[in-house]
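Residue numbers 976 to 1773, in the numbering used here, belong to the letters of the sequence shown in order.
We treat Cβ as the ideally placed atom computed from N, Cα and C, and that holds for glycine.
Okay, structure first, notes after.
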Amino acid sequence: MGAVHGGHRPVPTAGPFPAPPGAAGPFHVTRVPERPARAARTAAGGVPSAQAAARTAARVLWAALVAVFTLVLLVPGTAAHAAVPAASVPAAASPTASANPGQVVVIGVPGLEWDDLDRARTPNLWGLVERGGSASMSTRAVPPPGRSLICPVAGWLTVSAGQRAGAPGDGCAPPAVPRPGPDGGASVPDWSRLTAHNAAEVSYRPVLGQLGQLVVDAGGKVAAAGPGAALAAADKSGNIGKYAPSIGGLGDLAPYRLVVAEVPDLAEAWLRERPGDGGPLAALTDRARREAVAAADRGVGAVLGRVPPGATVLLGGLSDTSPTAHLHVAVARGASPGGAPYPRGLLTAPSTRQDGLVTNTDLTATVIALLGLEAPNTVVGHAWRSAGPGGGSTAATVDRLADDDLASEVLREVRGPFFTGLVTVQILFYVLAAVAFRRGWGGSRALTAVRGVATVSGAIPVGIFLAQLVPWWSLPAPMAALVLTIVAVACLVAALALAGPWRAHVLGPLTVVAAITSLALLADVMTGSRLQVNAVGGYEPVTGGRFYGFGNIAFAVYSAGTILALAGVAQWLLPRGRRALALAVCVLYGGLAVFADGWPGWGADFGGVPAFLAGVAVLVVLLSGRRLSVTKAVLIGTAGVLAITVIAVADWLRPAEQRTHLGAFVQQVLDGEAWAVVTRKFGAMLGITVGNWPLTLLSLVALAFLFLVLDRPSRWGASALGRAYTLAPALRAGLIGALVCALAGFLLNDSGIAIPAMALTVAVPLTLTACVRALRLSPPTTPGRASEPAGTTAPPAP
C-alpha cells in the first residue's frame, strides 16, 4: 500500500493515525484453485456436495484468472490509459518527449500559496493563471529532522534530482551564493557535502544535478538567476554554465534551452524571522506576507518580461515558508510536451491522477519532456498535463485551489483529535457492552441498545469517507462539523440496516452495513478516489505519500467490509441448498474486489493484494466445507506472491512513461535499490506500530472483547459468538477471513497496526450486532433455581 518509489513526509503525531503513506499495488485478481476432488451429488435432490461446489468455484476462478492475465499481458497499455481518465487528457499530451522541443523557463517562488493570489495585489501572477493551466503543488521533498515542512534548499534540490532530496542541518537556511566561474558561469558551494548527505542520509537516493546534466549532455545551455535557481540548474559537478544574481544579469535568454529563475522574496522574508539552526518556527505576519507576495509578483513580472517568444513557462512554489506544510502554486503557460499549448484550466499528472494536483518532482519530468529528452529511471515524476479547458473564471480556479489547501490544513488539525476520540469511544463501548453481556445489567433493553450502537459503530468507518461529500472543512467549526457529518452518515447506514426485512436475520444488518462499505469504496476507487482525498482516514495531498487508489486505512475498511458482506450473502444462500452459487458469488465478487484493489487504474495497492487474496481465499475454503490446512495456506500465500510478481513485471514491460509504481519497483529491483525501499517501509511499519500506542490498545481491546467476552459463556448462557455460529455458520468463515486479511495486511504494509485496528473497527461491532440477534433468537440456557431437596421414601421409624 505504501508507494514503492516514495515515502511520506513526517507529520505531527498528535493522534494515533498519522497520514497514510502512500502506496502502490498490483492489478491482480488471482486465487489458488481448490484441490481437485471426486465429484459427488446427492441422489435425492441432485444438490452439489461441498467438494463438487468447491471444484466448480475453482474452475470459475481459474477462468477469471486466465482472462485477467491475458488482458494484462496482451493489452499492456490498458492500465496506463486507466490511470488518468481519457476524457481529461488530450491525446497530444501523452508522449514523454516534446513533439517540438524548445525553450523552458522555470520560475521558482518558494512558499507561494494560492491564498496569496489577488487580482489587484498580484497582477502578474493572476495574468499567468488566466493564460495557462493551474494546479496545487505537493512539495515532495525531505524535511529537516522532526519537522513536517519543506525548506527552500530541499525544494530546489528536488527539482534538480527529480526525486525527493534534502539538505543537511536541523533547520532551514537560505541557499548559499554561488562562486563565480569563467565565462559568466558559477559553481555551488559545498556541492560535495550536499551530494554526500543525500547519498548517505536520504533513502530515496536522489541524483543531484541530474536535470542540468541532461541538458548539457544533449548540447544545450543552462542559465540560472539566483542562488536557489543555481541548485536546480547545476550539473552533477555543481557547475552552472551561466549565472547571475537576478534575471536582468543574464542578458538575452534566447541562447539557453533551460533558464531557472528564483523569486526569493517570500523565502527571504520568512528566513529573516527565524534562525536557521532548528530554532522556533514562526509564521510571517499578515502584513509582512502581503508585502513579500507583492514583491514576489513584481519579480515574476520581471522574469515574464524577458521570456523569449515560444518558450514554455513553468512556475512553482517549491517549498514552505510557514511553520506547517501547505500546497503551493503551480502554473504552466505555453506549449505542452505534446505541442499544443496548455489551455486555461486545471493541470494534472499521472503521478496524482487528481485534477488540479501535481508534484514538484513532476516539474522536473515536465522540463525534461518539453526539451525532448529521455527521463532516466531516477526521475520519479510525470509531465504535467491539461485536465481539460476550464469553463470557470480565474477567480473560481484560484478559490477552488485555495480551498484544497484549506482542506489539507484543517485535516491536519482535526485528524489526531478525531482518532483519539474514536479510539476512546470504541474502548468505552466495548467495556459497557462487556458489562451488559457478562453481568446482564439492563436486561433485554440493554441488548437492544447494544445492537443499535454496534451497528452505528460498524458504519463509522465508511462514514469517514462518505463524509467527504460534504465540505465540512469550510464550516466555522470544522471538528464539530466532521464528527456530526460522520455520525449522521453512520446513523443513516445503520437505520437502513435495521429497518428492512433483513433485520430479523442474524447476519442481516451486518450484511447491509458491510455491503454498503464495500460498494461505496469500490465505486469511489473506480471513479478517481475522491472520497479519500483529505478524508481523516484517507490521504493528504500535502504529505504526498499517496494521491490515488486505496490508502492503507481505506484498504482495511474495504477488505473487511467485502469479506463480511460475502459471508452474509453466502449465509442467505447456503440453507437453500445453493452452496455452488454461494461459492461462485464469493469467487466472482471477491475476485472483482481484489482486482479493483490492485489494478493500477483503480486501487493501485501493492501490499494489499496478497493480504486481501488470502482473506477471500480462506473465506471460500471454509465455506466449501474444507479444513484450512498448512498446505492450503502456503499455496494461498505463494499464489499472492506470484500474482504480484507477474503483474508488476507486466507493468514494467510498458514504456517508462506509462508505468505505475509496480513497474517502477521492478526497475528498482533491477537497479539494486529495492532493499532501501523495503527497509524504509519496514521502518515505517515498526514506527507506527510501536509509536502509536492508541492503535495497539484499540486492537488488543477489540480482540479481547471478541474472544474473552463474545466467545465465552455470558449472562444468557452459552457464548454469544457460539450461538451466532450455530445460527449463521458463514459468520465464522467471514470473521476468520477478515482477521487473516488484517494480520497479513499488518505484516505486508508500512502502516503496521493501523490496518488491523481499522479492520477490527468494522468487524467486531458488526459481529456484536449478529451476536445480540443470535441471543434474542435462541432460548436462554442459564440454569434455573435449584429445586427443594426430595423427601425420603424410607418407611418411618417405629
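As assigned by DSSP and simplified to three states, the class of residue i
i	result
E1248	coil
V1265	Note on identity: in this sequence residue 1265 is Arg, with Val being the wrong assignment. Looking at R1265 - three-state DSSP - the assignment turns out to be helix.
S1109	strand
Y1564	helix
G1513	coil
G1396	helix
A1324	coil
L1539	helix
K1217	strand
T1334	strand
G1781	The chain is shown only over 976 to 1773; residue 1781 falls outside these bounds and no answer can be derived.
T1296	coil
S1123	coil
R1114	Here residue 1114 is Thr; the residue named in the question, Arg, does not match the sequence. T1114 falls in the coil class under three-state DSSP.
A1452	coil
W1037	Summary for W1037: the model assigns pLDDT 41, below 50, so the residue's position carries little reliability; its value from the coordinates is reported in the next sentence. Looking at W1037 - three-state DSSP - the assignment turns out to be helix.
H1303	strand
V1481	coil
R1360	strand
S1162	strand
Cβ pair residue i, residue j closer than 8 Å
i	j	result
G1137	A1116	no
L942	I1439	Missing from the structure shown is residue 942; the chain here goes from 976 to 1773 and no further.
R1232	L1346	yes
D1210	G1187	yes
L1603	V1593	yes
A1161	P1155	yes
P1143	P1202	no
T1287	G1313	no
L1833	A1371	Since the displayed the chain opens at 976 and closes at 1773, residue 1833 lies outside it and no answer follows.
W1832	D1380	Absent from the model: residue 1832. The displayed extent of the chain is 976 to 1773, so no value can be given.
T1744	L1485	yes
D1240	A1270	yes
S1419	P1740	no
L1549	A1557	yes
Cβ neighbour criterion (16 or more within 10 Å) applied to residue i
i	result
P1516	buried
A1027	No answer about A1027 holds up, because its pLDDT of 47 lies below 50 and its placement is not dependable.
R1247	exposed
R1262	exposed
F1393	buried
S1111	buried
F1570	buried
A1510	buried
T1423	exposed
Rounded distance between the beta-carbons of residue j and residue i, thought under 8 Å
i	j	result
G1536	S1504	At roughly 16 Å, the Cβ-Cβ gap does not stay under 8 Å, so G1536 and S1504 are not in contact.
V1488	T1430	6 Å
V1532	V1737	6 Å
V1275	V1234	That pair is no contact at about 14 Å.
V1333	A1324	5 Å
V1134	T1399	Not really, about 44 Å apart at Cβ, beyond 8 Å.
G1524	D1580	6 Å
P1298	L1124	7 Å
Q1546	A1703	5 Å
L1541	V1560	7 Å
A1589	V1715	5 Å
S1109	V1306	5 Å
P1453	V1389	6 Å
P1085	G1292	6 Å
V1128	L1256	Between L1256 and V1128 the Cβ distance is about 16 Å, and since that is not below 8 Å, they are no contact.
Best match in the options for proximity to residue i [C-alpha to C-alpha]
i	options	result
V1355	G1519, L1617, G1576	G1519
V1268	V1282, L1225, V1304	V1304
V1104	V1739, N1724, L1289	L1289
S1281	P1316, D1337, G1223	According to the sequence shown, residue 1281 is Arg rather than Ser. Nearest of P1316, D1337, G1223 to R1281, Cα basis: G1223.
S1726	V1644, P1149, A1555, G1582	G1582
P1575	R1687, T1327, Y1317, V1134	T1327
T1341	A1370, E1349, H1357, N1352	H1357
A1568	M1501, R1390, G1433	M1501
G1107	T1486, F1530, Y1317, I1461	Y1317
P1351	P1181, T1395, I1711, A1705	P1181
G1121	W1101, A1315, E1266, D1145	D1145
A1411	D1572, G1083, A1695	A1695
Min CB distance residue i to chain B below 8 Å
i	result
V1481	Checking the listed chains, one finds no chain B in this structure; it contains a single protein chain.
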